[in-house]
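Visitor: The working numbering numbers the first residue of the sequence shown as 5 and each following residue consecutively. Beta carbons: idealized from backbone N, C-alpha and C, even for Gly. Dropping a structure here in structure tokens format, bear with me for questions.
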Amino acid sequence: MRSLAYGIAVLAALGIAIAIALVPGETEQTSGDVPNVSATPASANVMSEPGKLVLSVPEMHCEFACFPTIKETLEETATVNEVALAEQKEEGTIDNRQVIVQYDAGFDVDAAIKLLDSKGFAKSEVVQ
Numbered sequence: 005m006r007s008l009a010y011g012i013a014v015l016a017a018l019g020i021a022i023a024i025a026l027v028p029g030e031t032e033q034t035s036g037d038v039p040n041v042s043a044t045p046a047s048a049n050v051m052s053e054p055g056k057l058v059l060s061v062p063e064m065h066c067e068f069a070c071f072p073t074i075k076e077t078l079e080e081t082a083t084v085n086e087v088a089l090a091e092q093k094e095e096g097t098i099d100n101r102q103v104i105v106q107y108d109a110g111f112d113v114d115a116a117i118k119l120l121d122s123k124g125f126a127k128s129e130v131v132q
């Protein structure tokens, strides 16, 4: 009786293996098709030219502790030239939670946002 159960299990496994092999997958190619392969960087948001962008940092609450931490964190990366606090309506308070980042070519936006997240500034994102 046990050998009958093993035989059925082997046939079922063989059937599943054949079915998986016969199902067309994403990697299957017909003759003559050339795969479209391109080198993709680890992050798709790597800037190819120098420029400036605005980051929204909703967790930034003060210009005396939060902003200096953000500035130091971003300026530690080799491709960031300067980080400035966006214009505020009233001096001494943060009512516009944005920073302006001037960067060189090769600046990785996603990596910068992850750095901010690691310092406690979650939900940061590019505004422009």
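Taking three-plus beta-carbon pairs below 8 Å as touching, is the stretch 88-95 in contact with the stretch 112-121?
Guide: No, the stretch 88-95 does not touch the stretch 112-121.
Visitor: Here's the rule: buried if 16 or more other CB atoms are within 10 angstroms of the residue's CB, otherwise exposed. What is residue 98?
Guide: Result: buried.
Visitor: Since residue 87 and residue 105 should fall inside the 8 Å C-beta cutoff, what is the C-beta to C-beta distance between them, to a whole number of angstroms?
Guide: So it is a contact: roughly 5 Å between Cβ atoms.
Visitor: Residue 63 and residue 124 look like a contact to me (Cβ under 8 Å); what is the Cβ gap, rounded to whole Å?
Guide: Between residue 124 and residue 63 the Cβ distance is about 6 Å, and since that is below 8 Å, they are a contact.
Visitor: Excluding the five sequence neighbours on either side, which residues of its own chain have a C-beta within less than 8 Å of the C-beta of residue 8, listed in chain order?
Guide: If we look at residue 8 and ignore the five residues flanking it on each side, it has no Cβ neighbours.
Visitor: Who are the Cβ neighbours of residue 21 in its own chain at under 6 Å, not counting the five residues just before and after it?
Guide: So no residue of the chain qualifies.
Visitor: Judging by CA-CA distance, which residue of 119, 53, 100 is the nearest neighbour of residue 79?
Guide: It is 119 whose Cα lies nearest to the Cα of residue 79.
Visitor: I want to see whether chain D comes within less than 7 Å of residue 127, judged by CB atoms only; does it?
Guide: In summary, chain D is missing from the structure at hand, where a single protein chain is found.
Visitor: For residue 70, count the other beta carbons within 10 Å of its own beta carbon; 16 or more makes it buried, fewer makes it exposed. Which is it?
Guide: So residue 70 counts as buried.
Visitor: Can you tell me the Cα-Cα spacing of residue 72 and residue 121, whole angstroms?
Guide: Rounded to the nearest angstrom, the two C-alpha atoms are 15 Å apart.
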